[in-house]
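Engineer: Protein chains in written order, with my numbering: chain E, 346 to 476; chain U, 346 to 476.
Backbone N, C-alpha and C define an ideal beta-carbon position, used for all residues, glycine too.
For clarity, every value in this text was computed on a predicted model and none was experimentally measured.
2 protein chains.
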Amino acid sequence: MKTQDLTRNQSLVFSALNDAKTPLTAYAILDELRGEGFRAPLQVYRALEKLVERGLVHRLESVNSFIACAHEGASCCKHGLTGFAICTACGNTMEFHHHGVEHQLEALLGEKGFKPEKTVVEIRGLCANCA
Amino acid sequence: MKTQDLTRNQSLVFSALNDAKTPLTAYAILDELRGEGFRAPLQVYRALEKLVERGLVHRLESVNSFIACAHEGASCCKHGLTGFAICTACGNTMEFHHHGVEHQLEALLGEKGFKPEKTVVEIRGLCANCA
DNA sequence: ACAACAAACGTAATAACATTACATAGAGGT
DNA sequence: ACCTCTATGTAATGTTATTACGTTTGTTGT
Numbered sequence: 346m347k348t349q350d351l352t353r354n355q356s357l358v359f360s361a362l363n364d365a366k367t368p369l370t371a372y373a374i375l376d377e378l379r380g381e382g383f384r385a386p387l388q389v390y391r392a393l394e395k396l397v398e399r400g401l402v403h404r405l406e407s408v409n410s411f412i413a414c415a416h417e418g419a420s421c422c423k424h425g426l427t428g429f430a431i432c433t434a435c436g437n438t439m440e441f442h443h444h445g446v447e448h449q450l451e452a453l454l455g456e457k458g459f460k461p462e463k464t465v466v467e468i469r470g471l472c473a474n475c476a
Numbered sequence: 346m347k348t349q350d351l352t353r354n355q356s357l358v359f360s361a362l363n364d365a366k367t368p369l370t371a372y373a374i375l376d377e378l379r380g381e382g383f384r385a386p387l388q389v390y391r392a393l394e395k396l397v398e399r400g401l402v403h404r405l406e407s408v409n410s411f412i413a414c415a416h417e418g419a420s421c422c423k424h425g426l427t428g429f430a431i432c433t434a435c436g437n438t439m440e441f442h443h444h445g446v447e448h449q450l451e452a453l454l455g456e457k458g459f460k461p462e463k464t465v466v467e468i469r470g471l472c473a474n475c476a
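1) Run through DSSP, which three-state label would U:Lys-463 get?
2) Ordered along the chain, which non-local residues of its own chain (more than five positions away) have a Cβ less than 7 Å from that of E:Ala-419?
3) Short of 6 Å in beta carbon distance, which residues of its chain neighbour E:Thr-438, apart from the five on each side in sequence? Order them along the chain.
4) What are the residues of the segment 398-415 of chain U that lie near chain E, defined by any Cβ-Cβ distance shorter than 8 Å?
5) Does any residue of chain U have a CB that is nearer than 8 Å to the CB of E:Thr-433?
6) Hey, does U:Gly-425 have any beta-carbon neighbour from chain E nearer than 8 Å?
7) Give a yes or no on contact between the segment 352-361 of chain U and the segment 446-462 of chain E, applying the rule of three or more CB pairs nearer than 8 Å.
8) Please decide whether E:Gln-355 counts as near chain U, where near means a Cβ-Cβ distance under 8 Å.
9) So, helix, strand or coil for E:His-448, using DSSP?
10) Nearest chain U C-beta to E:Val-389 closer than 8 Å, yes or no?
11) To the nearest angstrom, how far is it from the Cα of U:Glu-467 to the Cα of E:Ala-415?
12) Here's the rule I'm using: 16 or more other beta-carbon atoms within 10 Å means buried, otherwise exposed. How should U:Arg-469 be labelled?
13) Quick check on E:Phe-359: does DSSP put it in helix, strand or coil?
14) Out of curiosity, what's the CA-to-CA distance linking E:Leu-387 and E:Thr-370?
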């Protein structure tokens with residue numbers, strides 16, 4: 346479950362995301378890794394799929410991008426709903442966790458009989474530096 | 346600001362979404378409207394852009410789709426944060442509004458100096474019928 | 001060591017979603 | 001009539017993601 350048992354491709358993709366610390370699209374990752382021998386989108390998407398499964402990487406649905414989890418290891422998903430504040434000016438993205446929001450959404454959806462599987466909370470705006 | 350001053354293309358797209366009452370992709374709308382003379386994606390995207398501006402249609406970012414606003418008219422965006430619960434089995438999508446969640450997110454982001462512009466809350470899962 | 005199986009990989013092609021560029025048409029104001 | 005702004009039509013292209021197919025690698029049981 347640790348980063349050491351990643352395959353070569355997975356490690357390369359994960360490193361690219363960690364180095365960036367701003368969200369990257371799959372194709373941006375592909376371009377970064379051409380020097381390492383990457384040649385096709387699928388190499389990136391396959392690695393991303395595994396990394397997301399492990400909780401090492403998050404997908405930002407509203408910007409078609411990926412970002413390394415702000416928490417080392419895969420413990421991330423246990424501290425409440427995960428949300429992101431994405432600066433549209435500089436790309437800087439803040440991951441946050443919020444139990445209150447999680448509980449309120451659960452309560453609301455529970456009433457309606459809706460069973461959540463994946464919750465997306467993404468706020469686009471301007472970060473403190475760019476505002 | 347009412348639906349009557351929509352152009353022909355905008356009306357057709359809006360009707361398609363209202364009839365569906367499940368989210369539609371831009372290309373699905375295009376296919377529905379070929380009988381009305383639509384020939385290119387841009388005709389749909391241009392209409393959608395205006396409809397979203399007016400608050401008559403929402404874009405669901407996590408599924409690349411669009412849905413008619415559940416509230417007639419454009420008053421929708423005044424009653425708190427807008428969220429969606431999207432059933433991955435039947436496509437049925439419930440629009441909801443939640444002041445509590447809105448305030449908690451505002452508080453959290455305010456602390457960090459982040460200025461929200463667009464907030465995405467989309468929960469995918471199973472609706473009461475499909476669970 | 002070897003067969004059998006599963007997971008990961010390489011490559012090509014294609015599908016799905018969205019935008020740019022450029023030319024044309026219609027409505028409203030002067 | 002002329003200008004301007006908005007909407008439109010059409011084509012081409014750009015961006016994001018998946019399917020299909022075959023090969024390689026790694027693991028397990030014998």
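Structural biologist: To lay it out plainly:
1) Here residue 463 of chain U is taken as the residue at index 118 of the second sequence, counted from 1. Here U:Lys-463 sits in strand by DSSP.
2) One-based indexing of the first sequence puts residue 419 of chain E at position 74. Note that E:Ala-419 scores 49 on pLDDT, short of 50, meaning its location in the model is unreliable and no value can be drawn from it.
3) For the purposes of this step, residue 438 of chain E is taken as residue 93 along the first sequence, with counting starting at 1. Answer for E:Thr-438: Pro-368, Ile-412, Phe-429 and Ile-431, listed in chain order.
4) Glu-406 and Ser-407
5) As a first step, residue 433 of chain E must be located in the first sequence, where it is residue number 88. E:Thr-433 counts as touching chain U.
6) In the second sequence, residue 425 of chain U corresponds to position 80, counting from 1. No, because no Cβ of chain E sits closer than 8 Å to the Cβ of U:Gly-425.
7) no
8) Residue numbering aside, residue 355 of chain E sits at position 10 when the first sequence is read from its first letter. For E:Gln-355, the answer is no, since every Cβ of chain U falls outside 8 Å of its Cβ.
9) Position 103 of the first sequence, counted from the start, is the residue given in the question as residue 448 of chain E. Of the three classes helix, strand and coil, the one that applies to E:His-448 here is helix, per DSSP.
10) Reading the first sequence from its first residue, position 44 is the one you call residue 389 of chain E. No - not a single Cβ of chain U is within 8 Å of the one on E:Val-389.
11) Indexing the second sequence from 1 puts residue 467 of chain U at position 122. Indexing the first sequence from 1 puts residue 415 of chain E at position 70. Roughly 21 Å between the two C-alpha positions.
12) By 1-based counting over the second sequence, the position of residue 469 of chain U is 124. So U:Arg-469 counts as buried.
13) For the purposes of this step, residue 359 of chain E is taken as the residue at position 14 of the first sequence. Looking at E:Phe-359 - three-state DSSP - the assignment turns out to be helix.
14) On the first sequence, residue 387 of chain E is found 42 positions in, with the first residue counted as 1. On the first sequence, residue 370 of chain E is found 25 positions in, with the first residue counted as 1. Near 13 Å, if we compare the C-alpha coordinates of E:Thr-370 and E:Leu-387.
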